[in-house]
Amino acid sequence: DAGVTQSPTHLIKTRGQQVTLRCSPISGHKSVSWYQQVLGQGPQFIFQYYEKEERGRGNFPDRFSARQFPNYSSELNVNALLLGDSALYLCASTRPRRETQYFGPGTRLLVL
Amino acid sequence: AQKVTQAQTEISVVEKEDVTLDCVYETRDTTYYLFWYKQPPSGELVFLIRRNSFDEQNEISGRYSWNFQKSTSSFNFTITASQVVDSAVYFCALSEVVQGAQKLVFGQGTRLTINP
Chain A
4 DAGVTQSPTH LIKTRGQQVT LRCSPISGHK SVSWYQQVLG QGPQFIFQYY EKEERGRGNF
64 PDRFSARQFP NYSSELNVNA LLLGDSALYL CASTRPRRET QYFGPGTRLL VL
Chain B
112 AQKVTQAQTE ISVVEKEDVT LDCVYETRDT TYYLFWYKQP PSGELVFLIR RNSFDEQNEI
172 SGRYSWNFQK STSSFNFTIT ASQVVDSAVY FCALSEVVQG AQKLVFGQGT RLTINP
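As structure tokens, then:
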């Protein structure tokens, strides 16, 4: 089975722009989570979606939003980009009521 | 709040040496899950192991072994006879349920370098 896929792999934006990152979960997984990993740190939780509904949100501003589609894929949107948004954005999927999250390769975002 | 501490930021050893990565956690939950992930330079987090809080049996998988001690809130990871391919950043994580979401709380990571 294919693992979690994310697109694009790399992205360069300028301050103030908006960006959309995409994630496709492992087949059969209905829950998707997003994490931000700043260089040199562990990943930080942003969102979790299950059955197209937001289940939880980390300590991130409203500039960050997400949605999940009927096929369980997900998009993460970040508006009004700041330099500090430069990071590796990781998507993880999990089966319902299962505790293990499986991660994709991530999208590296650089904000100039 | 949940917290995971990986006090070793970087470890460097020569190939074939054994190495132990430390992980200490804090939680008020009586039931929880602990994880180890490996992050090679490519960036993808690779799942290694999940441990339930009520199962304190140590686990061995090939050259990898994990020691879970609830009494000291530790979940340490040992690589025996290390290889160059083991070089990566290793993260310990604790699961937390917040507002119905199951999120992972990660430590800062330990960068492991295996020298030939």
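Same order as they appear, the protein sequences are chains A and B. With this note's numbering applied, the first sequence covers 4 to 115. With this note's numbering applied, the second sequence covers 112 to 227. Think of the CB as a built atom: it goes at the ideal place given N, C-alpha and C, for glycine as much as any other residue.
Excluding sequence positions up to five before and after PHE188(B), its CB lies within less than 6 Å of the CB of LEU132, TRP147, TRP177, all in the same chain and listed in chain order.
Within the segment 200-211 of chain B, the residues whose Cβ lies closer than 7 Å to any Cβ of chain A are, in chain order, PHE202, SER206, VAL209, GLN210, GLY211. For PHE63(A), the closest Cβ of chain B is not nearer than 8 Å. Taking a C-beta distance under 8 Å as the contact criterion, THR110(A) and GLN104(A) do not qualify as a contact pair.
For chain B, the residues of the segment 23-43 of chain A that bring a beta carbon within less than 9 Å of one of its beta carbons are SER34, SER36, TYR38, GLN40, GLY43, in chain order. Under the three-state reduction of DSSP output, VAL7(A) falls in the coil class, being neither helix nor strand. Residue-level contact by beta carbon fails for LEU79(A) and chain B, as no gap is shorter than 8 Å. Under the three-state reduction of DSSP, LYS114(B) is assigned to strand.
Across the segment 152-169 of chain B, CB contacts with chain A closer than 9 Å involve SER153, GLY154, GLU155, LEU156, VAL157, PHE158, ARG161, ASN163, in sequence order along the chain. DSSP, read as helix, strand or coil, puts LEU85(A) in coil.
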